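Reading the sequence shown from the start, the letters are residues -9 to 204 in the working numbering.
For reference, the structure discussed in these notes is given below.
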Amino acid sequence: MSGGRPRVVAVDGPAAAGKGTLARRLAAELGLPYLDTGLLYRAVGRRVLDRGADPRDAAAAVAEARTLTAADLLRDDLRGPQADMAASAVAAIPEVRAALLDWQRDFGRAHGAVMDGRDIGTVIFPDAPAKLFVTASLEARARRRFAELQARGVAADLAQVESEMRARDAQDAGRSAAPMKPAEDAVLLDTTELGIEQAFALALTLVRERLVQA
Ligand code: DC
């Protein structure tokens, strides 16, 4: 804590821009806990699908969000196109976001944290001392996601990966509840032309500057 403010580093941005890798490495380097907040929405979406309900059904999604457990976040079926779209759909429902708000704030307040997501710097911790908005071109992000899928032996089609990503970006940025957008005081980090080491070095410098000033 510094001046009563939790030592939270907000790492927001669209899918496959590199924010997960950067956030995890920042957390390790700074000695802070790490939370991938996308997992919360993914787990809610998965539980709605398990019930045979539609992830856009607010009542069904809210019921799952309110009863989410830590074990749900450890499931091994939270990735893939179906889980991606279900997560994005439940994330557009304001009551789902409200149900997950305290959970995220409690996590960050306990010991500080590096948290990655879409609205950490705008809604969850608007007073976070350090905020990054990590982005990259749609083409670069689709290529990265495609390479990841190939590395995992999952059959995929680059054009399809790109069109699903475009749809999810539009849904995440176009929703009225906590849309994905950079906080006014976030530092933009475009990783289109950067390798992971360069991006990490830059991110670490930016975050350290902010934490020292805080
Ligand atoms: O970061 P991710 O791809 O795992 O996120 C999955 C979905 O959850 C994404 O489409 C948007 C949503 N999400 C969100 O609305 N707010 C967050 N803080 C994190 C994720």
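All C-beta atoms, glycine included, are put in the ideal place defined by N, C-alpha and C.
Everything numeric in this text was worked out from a predicted model, so none of it was measured.
In the three-state DSSP reduction, V86 falls in the helix class (H, G or I). In this structure, the CA atom of R198 is about 10 Å from the CA atom of L16. By the Cβ neighbour-count rule, I186 is exposed, with fewer than 16 other Cβ atoms within 10 Å of its own. About 14 Å separates the Cβ atoms of R200 and P116, ruling out a contact at the 8 Å cut-off. Note that the C-beta distance between M155 and A132 is below 8 Å. Residue burial annotation: V151 is buried, with at least 16 other C-beta atoms found within 10 angstroms of its C-beta. When distances are taken from the beta-carbon of I83 to the heavy atoms of the ligand DC, even the shortest one reaches 7 Å or more. Taking 8 Å as the upper bound for CB-CB distance, T182 and G107 are not in contact here, some 21 Å apart. Secondary structure within the region 99 to 173: the beta strand (DSSP E) runs of 3 or more consecutive residues, fully enclosed, are 103 to 107 and 120 to 125 (chain order).
At the C-beta level, G111 and A176 come within 8 Å of one another.
With a cutoff of 8 Å on beta-carbon distance, R46 and A79 are scored as near each other. A13 and Q94 have their C-alpha atoms some 15 Å from each other. Taking one beta carbon from each stretch, the region 188 to 196 and the region 4 to 13 have 3 or more pairs nearer than 8 Å; the two touch. L201 carries a helical assignment under DSSP once its states are collapsed to helix, strand and coil. DSSP lists no beta-bridge partner residue for Y31.
Between Q140 and A149, the C-beta spacing is not below 8 Å. Note that the C-beta distance between A61 and L90 is not below 8 Å. Between the ligand DC and A126, a heavy atom-to-CB distance of less than 7 Å is absent. The alpha-carbon separation between A18 and P84 amounts to approximately 32 Å.
Placement of the Cβ of S153 at a distance of 7 Å or more from every heavy atom of the ligand DC is found. For L16, the enclosing alpha helix (DSSP H) has its first and last residue at K9 to L20. Under the three-state reduction of DSSP output, L68 falls in the coil class, being neither helix nor strand.
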